[in-house]
Amino acid sequence: MTDGHGPRRAAAGFREVYGAEPEGVWAAPGRVNLIGEHTDYNDGFVMPLALPHTCLAAVAPRTDGVLRLHSADAPGGVVELRVAELAPVAGVGTGGDRGGWAAYPAGVVWALREAGLLPGAAAGGADLHYESTVPTGAGLSSSAALEVVTATALNDLYALGLDPQRIAQLCQRAENVFVGVPCGIMDQMASACCAEGHALFLDARDLTQRQVPFDLAAEGLRLLVVDTRVKHALGDGAYADRRAACESAARTLGVRALRDVPFEGLDAALARLARAGEGDTVVRRVRHVVTEDRRVEQVIERLDAGDTCSIGPLLTAGHASCRDDFEVSCAELDLVVESANEAGALGARMTGGGFGGSAIVLVAEADAEAVAKAVTEAFGGAGYRAPRIFPAVPSAGARRL
């Protein structure tokens, strides 16, 4: 979270590492996704909100084309690269002694340079020092926060004139091409564009967006984030597998993306896939995406009507779809949802890519402590490490502090 001490700490860390003053300190948040999982890369609908947890970057420009990266949260010292030599093939995310985390900010600089937005090889470098309160491996977009804070800082330092949407697009390109993760646009858009007190209703195809008031306290509600503190290795290649299955199904159905399969025509589309020999797995993947898009639409309808309490069953239904049809849940996430709902939650679901990470739980304010206690006890009873539980407070997107 970005308190008054955070920027001062980041600036002090910069001085300690580089022996000079930073030009400024920037922040970009992590996120939770209220509803709309694995829909963004299918051109569908999502509804994330920014967390108060942020990645901070203290930054100073350079004029020699050298990029120096340092993180207070990662082992190892300063990673030094040359802007002109950055390339996906030789990216720093491939292991070795340069540290995988540095691929994300290095990829952003590469994407800016490739788009013709940075000065020539003789300039455009920078010194960056990062400090983050976004939990890593928790499905809360710590990598997107790292990317977006880098792009936002360089945008300001070099007066690039980029709006938040363009920043998000460049950061997604960095992750897709340079880092090699085939993510959709949601995480970067959430970190760059979310507004305090709102959820972001985003159409991932044309990037139209609407800030939806999401004042839980005014309705006597709370949204809890339950970080299971586990990350299953299955998630490493399974994300790409599921994206490939969705793209294959779209080709079979003759549509640009699964977003184009109407909810009312789902049964016919699934029957067509079965006739084409796509198999039960692909059929279930498609069913998840189409029904999840519909759930996003239903949630936005209820939020617009001021009936936040009623979205709970939609959250739980979304979890069941992620678990059964998209198969991206795990025992720990399922236990959060089951134990929270049994203890009186209004609804719960996994959030993020899955295979570990976090779940969200919608509760009445008066029941929050009891539900959190029930989840923690359920984890203890199953022999799991105690989860980390905290409220999701809709917060601001990337900014200079």
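Numbering (this note's numbering), first residue to last: 21 to 421. Ideal placement from N, C-alpha and C gives every residue a C-beta, glycine not left out.
- Taken through DSSP and simplified to helix, strand or coil, C191 comes out as helix.
- Membership of S378 in any alpha helix (DSSP H) is not indicated; the residue belongs instead to the beta strand (DSSP E) covering 376-384.
- The beta carbon of L421 lies closer than 6 Å to those of P27, V45, A47 in the same chain, with the five residues before and after it left out.
- As the crow flies, the alpha-carbon of S211 is around 19 Å from that of H149.
- Excluding five sequence positions before and after Y259, the CB atoms of its chain that fall closer than 6 Å to its own CB belong to G373, given in chain order.
- The residue among V66, E36, Y61 with its C-alpha nearest the C-alpha of R315 is V66.
- With fewer than 16 neighbouring CB atoms inside 10 Å of its own CB, P282 falls in the exposed class.
- Annotated three-state conformation of E41 is coil, per DSSP.
- Between L76 and I187, the alpha-carbon positions lie close to 16 Å from each other.
- In the three-state reduction of the DSSP assignment, I331 falls in the helix class.
- Under the three-state reduction of DSSP output, F34 falls in the helix class.
- Of the other Cβ atoms in all chains shown, 16 or more fall within 10 Å of the Cβ of R343; this residue is therefore buried.
- In the structure shown, T336 adopts helical secondary structure according to DSSP, grouped into three states.
- P49 and V103 have their C-alpha atoms spaced approximately 26 Å apart.
- In this chain, the beta strand (DSSP E) harbouring H149 covers 146-152.
- Listed in chain order, the non-local C-beta contacts of R29 below 7 Å within the same chain comprise E151, local neighbours out to five positions each way being set aside.
- In the displayed model, I55 falls within a strand according to three-state DSSP.
- Here A296 is exposed: its Cβ has fewer than 16 other Cβ atoms, across all protein chains shown, within 10 Å.
- Secondary structure at I320: helix, using DSSP grouped into helix, strand and coil.
- Residue pairing by DSSP places C75 opposite A48, S152 in a beta bridge.
- With respect to L160, S349 sits apart: the two C-beta atoms are not nearer than 8 Å.
- Our two residues, G403 and R133, have alpha carbons roughly 49 Å apart in a direct line.
- Between the region 165-182 and the region 72-88, the count of C-beta pairs closer than 8 Å reaches three or more; the two stretches touch.
- Across the set Q231, C203, L335, the C-alpha of C203 shows the shortest separation from the C-alpha of D261.
- Non-local beta-carbon contacts of V98 in its own chain, meaning distances under 6 Å to residues more than five positions away in sequence, involve R88, H90 in chain order.
- Taking the Cα of M206 as reference, the smallest distance to any Cα among F198, G200, Q185 is reached at Q185.
- Rounded to the nearest angstrom, the Cβ distance from I409 to V395 is 7 Å, consistent with a contact under 8 Å.
- For V99, the enclosing beta strand (DSSP E) starts and ends at 99-102.
- For P125, the uninterrupted alpha helix (DSSP H) run begins and ends at 123-134, by DSSP.
- By the Cβ test, the region 278-294 is not in contact with the region 321-332, since fewer than three Cβ pairs between them sit closer than 8 Å.
- In this structure, F198 sits near W130, with a CB-CB distance shorter than 8 Å.
- DSSP, read as helix, strand or coil, puts R242 in strand.
- By the CB criterion at 8 Å, P72 and R51 fall outside the cutoff.
- Nearest C-alpha to T248 among F375, A173, L278: F375.
- If you draw a straight line from the Cα of V357 to the Cα of A135, it comes to about 43 Å.
- Taking a contact as a CB-CB distance under 8 Å, the pair A92 and G33 counts as one, their CB atoms being some 5 Å apart.
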